[in-house]
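A.B. asks: As you go down the protein sequences, you meet chains A and B in turn.
Per the working numbering, the first sequence starts with residue 26, numbered consecutively.
Per the working numbering, the second sequence starts with residue 1144, numbered consecutively.
Where a beta carbon is used, it is the ideal one built from N, C-alpha and C, also for glycine.
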Amino acid sequence: MESKNKKVVIAMSGGVDSSLAARLLVDQGFDVMGVTMKLWGYIDTGGRPTHDSNCCSLDDINNAKAECASLGIPHYTLDMSAEFKQIVIENFVSEYKAGRTPNPCIICNTEIKWHALLKKLDDLGVDYLATGHYARKIKHEAAGSWVIGRGKDLHKDQSYVLWGIRPEELERTIFPLGELSKQEVREQAANADMRTAETPESMEICFVPDNDYRRFLGEQYPEVIEAAPKGNFVNSEGEIIGEHQGIHNYTIGQRKGLGLATGERIFVNKIDVENNTVHVGNRQAAAATTFTVNSCNWLIPESFIYNDTLEVQIRYNHDAKPALLKRISSDEVEVTFEHPENAITPGQSAVFFQDGNVVGGGIIKSA
Amino acid sequence: MTILHSFFIPSPLPLNYVQGMKRNDTIYLDHASGTFLLPQVKAFLTSWLAKQSANPSSIHAPGRLAASSLDLARQRIGSALGCKSSEVIFTSGATEANNLAIRGGVQPLAGQGHHIITCYTDHPSILESCKKLEREGYPVTYLPTDNTGSIDLKELEASITSDTVLISLMWVNNETGLVHPIEEIGRIAQKHNIRFHCDAVQAVGHFPIDLKILPVDSLSISGHKIGAPAGIGVLYLRKGNALTSQNYGGMQEHNFRAGTQNLMGALALAQALEYHTQKLTIHESYFQNLSHHLQQRLQTLPGIQINRGSADYSPHILNCSFENVDGEMLFIRLDMNNIAVSNGAACSSGSQAPSHVLTAMGIEASLAQASFRISLGVETTLKEIDFFADTLEQIIPDIQRESSNGI
């Protein structure tokens, strides 16, 4: 990639990853501009108002600003909180309301960090968007288009959360950290005396800093909670064995917090929204081979997809497993694993890997 | 190109980055946020830094020398403002002076009443002090403004109750330049025997300040808005008014403000105030001329709204908005063109929230989010204004087109 005179925007959270990514781009000779998106405020989310290691706090904005100043590049803060609320948080709430388990980070990447940001910055003549994700951009030789390779540091690999990037936006993307391990990133940051070298890892959903999404829904969307009636827990024999507290409280595979005394390990297997029923049983009963996905994004033409065994990853910490894909309607694809998988969870993303690279993905509709 | 100003670049920086930067040259139109040191202040500071100074509270010879320097600064400020040197309280800046005037002003008056009157468009250092007092049980009236930003003096007078102890209204609004009729407000306050505090930060250098005749009880000014460094400010407090210190420690500043005084800042502020007092008449016509030219150039731009009405405005501040423009994008484009103005809607936390001043004036949110403030200083030139207007002429149609394409 010719870096001379190419203008790159680096999306900066104020953490070590995006800060080092900015530094690497400057070293490579790009014309770099740092941007921090203001996505939400503690005033709108609750949680830990004094906790400052999550994105969008003033300290993080100031960290990003200071890193840019020390690199001699401009930094701007863009208030994207209206878009974030309208797209990401609304989706998060409506998915829980529908008894599904959303992954808001994926929607945020797809619709805010890539789509809305690039659209906003287009008139500044921006050539590329860069982020501090641990992923790689790889050319799919047969298709001639870009796909997403796993980050070299497999413990930090974030390719799973990037499946939704539109192909034309992936074309304009740079992942400066793809070839680095987290340890190398921290070392390089420390060697360059960067103030962000020791920033903590962010693990939670950024707008639910205390990791308690039920608290978030209850405080911010009380009408959703109030409108979610209690219902029945039903076991695999179809017997009612208890009362649940509203379906938004449960996710497939959940074991804790059910309040059921059955004397055996019991898991949520299925959430039946229509009948307001939560089905529970042992882990085997939850396993399935086939499920459907919708809202798909393809990084290569679908002709490369259906006649090949792909590997499909169904949640962030899942090891991708072999599966065949089949289109069953204009907006739905059926995935069939070679062996049954536990906890295939509606609302989560199924990501399709071919030769180890992300070639597409979709949202799990039903198992 | 025209006169450009060099800015401090944080170091240490590897040399190649510094050379790669195009940011040493700026059209600076944000003087109301902080203006350049006056040349004579710069010369004074340089000579001062070459010497040593003791603590003015120390009783040894070097301390007495420092105390007499501080006294000199106080006298010079008193002469420039038309007040006694004993009525000058040094603070760290106008925010502290305003906080002290509000909180420290109402506390000793608790026996007489609690009610405070200010207005929606006042400075955050006033408004936040009032809100804090409100939570502590003090009733506060926030006067509304009309679409020019002016308050209604009849409404002011009507809102006075037997419980009212303080009226606080700024002289020149920092976002729009609107001028409040300070003398009339002061006379209303006098008539009802109510203390009147005036934030005069943006008035210094543009309006004559003669405290012998000006009917105010307290008044705040700030160093870095008038060519002295940041970190120094003054609260004038008319003799006979009680005040409760808001910090605890030594007995400095007549026991109104504990803490070692900023002697260097006090001397610099005295020098800057003297300069502005002397040059007031010359500057008045200079700023009128700049302001006239700026408005002439801007008013032809497509979709512009100049946020003024038929009222008095200080010539050094101009607030405007653009229709169909993403305010953040406009600000970034100006910044990329090395033009520094104040993004009216941005706050330090990154939120692009419509300004409380423009909102109070009834300007709709879509225009308020695309507003910015241009503020002129004594070093601003017509050429700089032309460069700024030329740049806007180029970029506004671009941004308007992109915005109408559905951002």
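#1: Let me know the secondary structure DSSP gives Thr1304/B once reduced to three states.
#2: Under a three-way DSSP split, which group does Gln1543/B fall into?
#3: List the residues of chain A that Glu1471/B touches, going by C-beta distances under 9 Å, in chain order.
#4: Suppose the cutoff is 6 Å on Cβ atoms and the five residues either side in sequence are ignored; what does the same chain contact list for Asn1486/B look like?
#5: Please report the distance separating the alpha-carbon of Leu50/A from that of Met1479/B.
#6: Provide the residue span of the beta strand (DSSP E) that contains Cys1463/B, from first to last.
#7: Spell out the partners DSSP gives Phe316/A in its beta bridges.
#8: Can you give me the Cβ contacts of His158/A inside the same chain, cut-off strictly under 6 Å, excluding the 5 residues immediately before and after it?
#9: Would you please state the rounded distance, in angstroms, between the beta carbons of Ile98/A and Thr135/A? I believe it to be under 8 Å.
#10: Between which two residues does the alpha helix (DSSP H) holding Pro1182/B run?
#11: Can you tell me whether Ala1513/B is buried or exposed, with buried defined as 16 or more other CB within 10 angstroms of its CB?
#12: Using a Cβ-Cβ cut-off of 7 Å, state whether Ile1310/B counts as contacting chain A.
#13: Chain A partners of Gln1495/B, CB-CB under 7 Å?
#14: Cα separation between Gly1376/B and Lys122/A?
#15: Could you tell me if Asp1342/B is buried or exposed, where buried requires 16 or more neighbouring beta carbons within 10 angstroms of its beta carbon?
#16: Is there at least one Cβ from chain A nearer than 7 Å to Ile1582/B's Cβ?
#17: Pick from Gly59/A, Ser82/A, Arg125/A: whose alpha carbon is nearest that of Ala94/A?
#18: Residues of chain C with CB closer than 9 Å to the CB of Ile1542/B, please, in chain order.
#19: Less than 7 Å separating the beta-carbons of Arg1476/B and Ile1538/B?
#20: Asp1529/B versus chain A: which residues are under 8 Å apart at the beta carbon?
#21: Rounded to whole angstroms, how far is the Cβ of Tyr275/A from the Cβ of Ile296/A, which I believe are closer than 8 Å?
#22: Give the residues of chain A in contact with Asp1168/B, contact being defined as C-beta atoms less than 7 Å apart.
#23: Pull up the distance between the alpha-carbon of Pro254/A and that of Asp1289/B, whole angstroms please.
#24: In the DSSP assignment, the alpha helix (DSSP H) including Met1472/B goes from what residue to what residue?
#25: Going by C-alpha to C-alpha distance, which of Asn300/A, Ile265/A, Asn301/A sits closest to Ile286/A?
#26: Based on the DSSP output, what are the partners of Asn257/A in its beta bridges?
#27: Mind listing, in chain order, the continuous alpha helix (DSSP H) runs of no fewer than 4 residues lying wholly within the segment 1248-1297 of chain B?
#28: Shortest alpha-carbon distance to Ser1302/B belongs to which of Pro1287/B, Val1315/B, Ser1363/B?
#29: Can you tell me whether Phe1531/B is helix, strand or coil according to DSSP?
#30: Any beta carbon of chain B sitting closer than 7 Å to that of Pro74/A?
#31: Please classify Glu193/A as buried or exposed, where buried requires at least 16 other C-beta atoms within 10 Å of its C-beta.
#32: Asp1478/B touches chain A at which residues, Cβ-Cβ below 9 Å?
#33: Quick check: what's the CA-CA separation for Ile1220/B versus Ala215/A?
#34: Would Asn216/A pass as an interface residue toward chain B - the criterion being a Cβ-Cβ separation below 7 Å?
#35: Give me the Cα-Cα distance between Gln245/A and Ala1411/B, rounded to the nearest whole angstrom.
#36: Just the C-alpha distance for Val1283/B and Gly1505/B, rounded to the nearest angstrom, thanks.
C.D. replies: Based on what the coordinates show:
#1: Taking the second sequence and counting its residues from 1, the one referred to as residue 1304/B is at position 161. Thr1304/B sits in coil when the DSSP states are folded into three classes, being neither helix nor strand.
#2: By 1-based counting over the second sequence, the position of residue 1543/B is 400. Helix at Gln1543/B.
#3: Taking the first residue of the second sequence as 1, we reach residue 1471/B at position 328. Tyr101, Thr102, Leu103, Asp104, Lys145, listed in chain order.
#4: Position 343 of the second sequence holds residue 1486/B. Exclusion of the five residues before and after Asn1486/B leaves Phe1474, Phe1515 as the residues of its chain whose Cβ lies within less than 6 Å of its Cβ.
#5: Here residue 50/A refers to the residue found at position 25 of the first sequence. Here residue 1479/B refers to the residue found at position 336 of the second sequence. Looking at the two C-alpha atoms, the distance is approximately 19 Å.
#6: As a working note, residue 1463/B is residue 320 in the second sequence. Judged by DSSP secondary structure, Cys1463/B falls within the beta strand (DSSP E) whose first and last residues are 1460-1465.
#7: The residue you call residue 316/A lines up with position 291 of the first sequence. Paired residues: Val360/A.
#8: Residue 158/A sits at position 133 when you count from the first residue of the first sequence. Counting only Cβ-Cβ distances below 6 Å, and skipping sequence neighbours, we find Gln183, Phe200.
#9: As a position in the first sequence, residue 98/A is number 73, starting the count at 1. As a position in the first sequence, residue 135/A is number 110, starting the count at 1. With a Cβ gap of about 26 Å, Ile98/A and Thr135/A do not count as contacting.
#10: Residue mapping note: residue 1182/B aligns to position 39 of the second sequence, counting from 1. Start and end: 1182-1192.
#11: Within the second sequence, residue 1513/B is the residue found at index 370, counting from 1. The Cβ neighbour count for Ala1513/B, taken over all protein chains shown within 10 Å, is at least 16; the residue is labelled buried.
#12: One-based indexing of the second sequence puts residue 1310/B at position 167. The beta carbon of Ile1310/B sits no closer than 7 Å to any beta carbon of chain A.
#13: Counted from its first residue, the second sequence places residue 1495/B at position 352. Under the 7 Å cutoff, chain A gives Asp104.
#14: Within the second sequence, numbered from 1, the residue matching residue 1376/B stands at position 233. Within the first sequence, numbered from 1, the residue matching residue 122/A stands at position 97. In a straight line, the C-alpha of Gly1376/B is about 55 Å away from that of Lys122/A.
#15: To locate residue 1342/B, count along the second sequence from 1; it is residue 199. Asp1342/B should be labelled buried.
#16: Nothing about residue 1582/B can be read from this structure; chain B reaches only from 1144 to 1550.
#17: For this step, residue 94/A is matched to residue 69 along the first sequence. Here the closest residue by C-alpha is Gly59/A.
#18: Here the protein chains are A and B, and chain C is not one of them.
#19: Position 333 of the second sequence, counting from 1, holds the residue named residue 1476/B. Position 395 of the second sequence, counting from 1, holds the residue named residue 1538/B. Yes, Cβ-Cβ distance for Arg1476/B and Ile1538/B is below 7 Å.
#20: In the second sequence, residue 1529/B corresponds to position 386, counting from 1. Under the 8 Å cutoff, chain A gives no residues; its nearest Cβ is about 24 Å from Asp1529/B.
#21: By 1-based counting over the first sequence, the position of residue 275/A is 250. By 1-based counting over the first sequence, the position of residue 296/A is 271. That pair is a contact at about 6 Å.
#22: In the second sequence, counting from the first residue as 1, residue 1168/B sits at position 25. When 7 Å is used as the limit between beta carbons, Asp1168/B is near no residue of chain A, the shortest such separation being about 14 Å.
#23: In the first sequence, the residue the question calls residue 254/A occupies position 229. In the second sequence, the residue the question calls residue 1289/B occupies position 146. Counting only the Cα atoms, Asp1289/B lies some 49 Å from Pro254/A.
#24: If you number the second sequence from 1, residue 1472/B lands on position 329. For Met1472/B, the enclosing alpha helix (DSSP H) begins and ends at 1470-1479.
#25: Taking the first sequence and counting its residues from 1, the one referred to as residue 286/A is at position 261. Correcting the residue identity first, residue 286/A is Ala in this sequence and not Ile. It is Ile265/A whose Cα lies nearest to the Cα of Ala286/A.
#26: Taking the first sequence and counting its residues from 1, the one referred to as residue 257/A is at position 232. Bridge partners of Asn257/A: Glu268/A, Thr302/A.
#27: If one requires a minimum length of 4 residues, the alpha helix (DSSP H) runs lying completely within the segment 1248-1297 of chain B are 1267-1278, in chain order.
#28: Position 159 of the second sequence, counted from the first residue, corresponds to residue 1302/B. Out of Pro1287/B, Val1315/B, Ser1363/B, the CA that lies nearest to the CA of Ser1302/B is found in Pro1287/B.
#29: If you number the second sequence from 1, residue 1531/B lands on position 388. Note: Phe1531/B maps to helix in three-state DSSP.
#30: Translated into positions along the first sequence, residue 74/A becomes position 49. Because the pLDDT of Pro74/A is 47, which lies under 50, any placement of that residue in the model is unreliable, and the number read from its coordinates should be weighed accordingly. Pro74/A does not count as touching chain B.
#31: Within the first sequence, numbered from 1, the residue matching residue 193/A stands at position 168. Glu193/A is exposed by the Cβ-count criterion.
#32: Taking the second sequence and counting its residues from 1, one reaches residue 1478/B at position 335. Correct list: Pro99, Tyr101.
#33: Along the second sequence, read from residue 1 onward, the residue named residue 1220/B stands at position 77. Along the first sequence, read from residue 1 onward, the residue named residue 215/A stands at position 190. Inter-residue distance for Ile1220/B and Ala215/A is about 50 Å (C-alpha atoms, whole angstroms).
#34: Mapped onto the first sequence, residue 216/A falls at position 191. Answer no: the Cβ-Cβ gap between Asn216/A and chain B never drops below 7 Å.
#35: Here residue 245/A is taken as the residue at index 220 of the first sequence, counted from 1. Here residue 1411/B is taken as the residue at index 268 of the second sequence, counted from 1. Gln245/A and Ala1411/B have their C-alpha atoms roughly 51 Å apart.
#36: The sequence position of residue 1283/B within the second sequence is 140, counting from 1. The sequence position of residue 1505/B within the second sequence is 362, counting from 1. Between the C-alpha atoms of Val1283/B and Gly1505/B there is a straight-line separation of about 21 Å.
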